[in-house]
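Read the structure below first, then the notes.
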Amino acid sequence: MSKDSALIELEGITVAYGRGPVILDGVDLTLGHGDRVGIIGPNGSGKTTLFLTIMGLIKPAAGRMRFRGKPLQTERDFQDVRRNVGFLFQNSDDQLFCPTVLEDVAFGPLNLGKSPDEARD
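Here it is in C-alpha cells:
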C-alpha cells in the first residue's frame with residue numbers, strides 16, 4: 079500500500095505507563111481506507127493501548143502517527159480521527175450507558191455538534 083492511500087500510519091510507536099514496562103515497543107502499522115482489521119492477543123499484550131494511542135487518548139513516548147497523511151500531534155489533530163474511526167470496548171457495560179440503543183448511538187454525533195435529526199439519521 080502506498081503512503082498516499084494510507085488512512086492511519088504508525089511508525090516506531092512506543093508507549094509505557096509511567097516508569098512501568100514498555101507496552102508498545104516500536105510499533106509500525108499502516109491501515110488503508112476500508113481495511114477491516116482484527117487485533118488479537120492475550121490480556122495485557124497492548125491491544126487496548128494501541129487503540130487508545132491511535133485515538134489520541136494516550137501519548138506515545140516515541141514514534142510518529144499520521145491520519146490521511148497529516149501528522150497527529152495536537153488534540154485538534156486527533157479530533158478528525160475520532161470523527162472517522164470507530165472504537166468499541168470489549169465490555170459493553172463500559173460503553174453503553176443510555177436507556178435506549180438509539181440514544182446510545184446518537185450520543186457521539188450529538189457531542190460533535192450535530193442536530194438531533196442528524197444524529198438520528
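In my numbering, each residue's number is its place in the sequence shown (first place is 1) plus 78.
Here a beta-carbon is modelled for each residue, glycine too, at the ideal position from N, C-alpha and C.
Given a threshold of 16 other Cβ atoms within 10 Å of its Cβ, counted over all protein chains shown, does residue i qualify as buried or as exposed?
i, result
"glycine 134", "buried"
"isoleucine 117", "exposed"
"valine 183", "exposed"
To which residues of the same chain is residue i closer than 7 Å at the C-beta, ignoring the five residues directly before and after it?
i, result
"phenylalanine 185", "Cys176"
"proline 187", "Glu196, Ala197"
Between residue i and residue j, what straight-line distance do the alpha-carbon atoms span, to the nearest angstrom?
i, j, result
"leucine 128", "aspartate 155", "17 Å"
"alanine 139", "glycine 98", "12 Å"
"alanine 197", "aspartate 106", "35 Å"
"glycine 147", "threonine 108", "11 Å"
"tyrosine 95", "glutamate 153", "20 Å"
Suppose the cutoff is 8 Å on Cβ atoms and the five residues either side in sequence are ignored; what does the same chain contact list for residue i look like?
i, result
"glycine 191", "none"
"valine 159", "Ile86, Ile132, Met133, Gly134, Phe145, Leu150"
"aspartate 113", "Leu85"
"glycine 90", "Gly104, Val105, Asp106, Ala140, Gly141, Arg142"
Residue i and residue j: beta carbons closer than 8 Å?
i, j, result
"leucine 88", "glycine 141", "yes"
"glycine 124", "isoleucine 101", "yes"
"isoleucine 136", "valine 93", "yes"
"glycine 110", "serine 83", "yes"
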